[in-house]
Amino acid sequence: MVASSPQQYLQTVDYAMTNTLFKGECSKVTVQKCMSILQDLEDVIKRTREAGVKTLISVTEEPSEFERVIQLFKSYPDLVAPCFGIHPVQGCGSHDQRSVKIQDLEPALPLFQKYRDDIVAVGEIGLDFTPWYAPTSQEREEQLTVFTKQLQISKDLDLPVNIHSRSAAKVTIATLKEQGKPSVAMEGVQAGYFFSFPPAVCRNDQKAKLIKQIPLEHICLETDSPALGPEKHVRNEPKNISLVCEYIAHVKGITPQMVIHATTDNALRLFPKIKRLE
1 MVASSPQQYL QTVDYAMTNT LFKGECSKVT VQKCMSILQD LEDVIKRTRE
51 AGVKTLISVT EEPSEFERVI QLFKSYPDLV APCFGIHPVQ GCGSHDQRSV
101 KIQDLEPALP LFQKYRDDIV AVGEIGLDFT PWYAPTSQER EEQLTVFTKQ
151 LQISKDLDLP VNIHSRSAAK VTIATLKEQG KPSVAMEGVQ AGYFFSFPPA
201 VCRNDQKAKL IKQIPLEHIC LETDSPALGP EKHVRNEPKN ISLVCEYIAH
251 VKGITPQMVI HATTDNALRL FPKIKRLE
């Protein structure tokens with residue numbers, strides 16, 4: 001663990017709490033894993049607190065999840081910070097997934113306004129140009145339209161964004177998980193962006209080079225629960241944020257406490273509205 005006693009630090013986490021906890025479905029891991037979180041939510045929250053995690057940034061992927069993440073926020077107002085966003089890939093089952101369409105955004109628009117005082121960011125939004133989701137230029141253009149409209153919403157609401165980018169690095173810059181290259185990521189650093197790493201980096205030595213290059217003041221922590229855990233095919237949880245912290249500290253040759261301090265400051269700068277949870 002990071003320390004012998006729990007450390008109060010923040011995690012910026014694209015945490016699929018809505019799909020996972022309320023529908024028992026998730027596009028990234030099996031339905032059984034997602035259902036298991038639904039069945040032991042209180043235990044997951046308890047372990048999260050015991051691990052010293054202070055804030056969970058909980059994102060959405062589709063409009064039907066907006067009210068659910070607000071429900072989660074109201075159930076745990078001292079822990080959960082909600083975000084609203086329409087993901088570039090819609091659908092949960094592997095056979096049901098498709099590229100986002102403009103009509104997917106339309107029912108979300110009034111909810112952005114209704115809950116503007118509660119949400120801390122717009123996310124998870126972005127671009128996913130992988131061939132099985134967006135094989136045609138028309139689909140990629142429609143993704144870009146939805147993405148651009150949500151960027152405008154973030155500007156109107158004066159909120160940061162949580163971005164998903166896959167096979168679209170040059171368009172969205174933030175592509176650390178799938179297709180990104182260190183040179184592309186450094187462009188994001190120069191633009192003032194933050195980059196987050198999940199526990200899965202602990203089993204991917206290729207990410208060490210990227211972690212070394214990105215300054216600590218541009219790094220945040222995430223879990224991407226229930227996916228991208230330290231072990232393949234094992235459900236991920238927010239408590240595993242300490243593993244990311246330790247790995248980053250090891251790669252950079254610094255103490256975990258330094259990573260905790262820096263990433264907490266980064267999270268507060270990136271999501272200023274979560275200061276209310278301190």
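Numbering (UniProt numbering), first residue to last: 1 to 278.
We put the beta carbon where it would ideally sit given N, CA and C, even for glycine.
With 16 or more neighbouring CB atoms inside 10 Å of its own CB, Gln150 falls in the buried class. Cβ-Cβ distances below 6 Å link Lys207 to Val201 in the same chain, with the five nearest sequence neighbours on each side left out; the list follows chain order. Counting of Cβ neighbours within 10 angstroms places Asp43 among the exposed residues, the total staying below 16. With the rule of 3 Cβ pairs closer than 8 Å, the segment 68-85 does not count as touching the segment 248-265.
By DSSP's assignment, Ala121 forms a beta bridge with Cys83. Boundaries of the alpha helix (DSSP H) harbouring Cys245: 241-252, taken from the DSSP string. In the three-state reduction of the DSSP assignment, His164 falls in the strand class. Across the structure, Gln213 and His250 are spaced so that their CA atoms are roughly 14 Å apart. Taking the CA atoms as reference points, Pro77 sits about 42 Å from Ser137. Closest option to Arg235, judged by alpha-carbon separation, among Glu246, Thr223, Cys245: Thr223. Using a Cβ distance threshold of 7 Å, Lys101 and Glu142 count as a contacting pair. Pro226 and Glu124 have their C-alpha atoms spaced approximately 15 Å apart. If the five residues before and after Gln90 are omitted, its C-beta is found closer than 8 Å to the C-beta atoms of Glu61, Glu62, Gln97, Arg98, Ser99, Val100, Lys101, Asp104, all from its own chain and listed in chain order.
A Cβ-Cβ separation of about 18 Å leaves Pro198 out of contact with Val161 under the 8 Å criterion.
DSSP places Val59 outside both helix and strand once states are collapsed to three, so it counts as coil. Rounded to whole angstroms, the Cβ separation of Thr263 and Leu228 is 17 Å, and the two are not in contact under 8 Å. Taking 7 Å as the cut-off, the beta carbon of Ser165 is found no closer than this to the beta carbon of Thr130. With a 10 Å radius around the Cβ and a threshold of 16 neighbouring Cβ atoms, Gly253 comes out exposed. According to the DSSP assignment, Ser154 belongs to no beta strand (DSSP E) but to the alpha helix (DSSP H) extending over 137-157. One alpha carbon belongs to Asp265, the other to Ala121, and they sit about 17 Å apart. Look at Gln97 here: in three-state DSSP terms it is coil, with no helix or strand label.
Straight-line spacing of the CA atoms in Ser196 and Ile241 works out to 11 Å.
Per DSSP, the continuous beta strand (DSSP E) segment holding Ser196 begins and ends at 195-197.
By the neighbour-count criterion, in which a residue is buried when 16 or more other Cβ atoms sit within 10 angstroms of its Cβ, Leu72 is buried.
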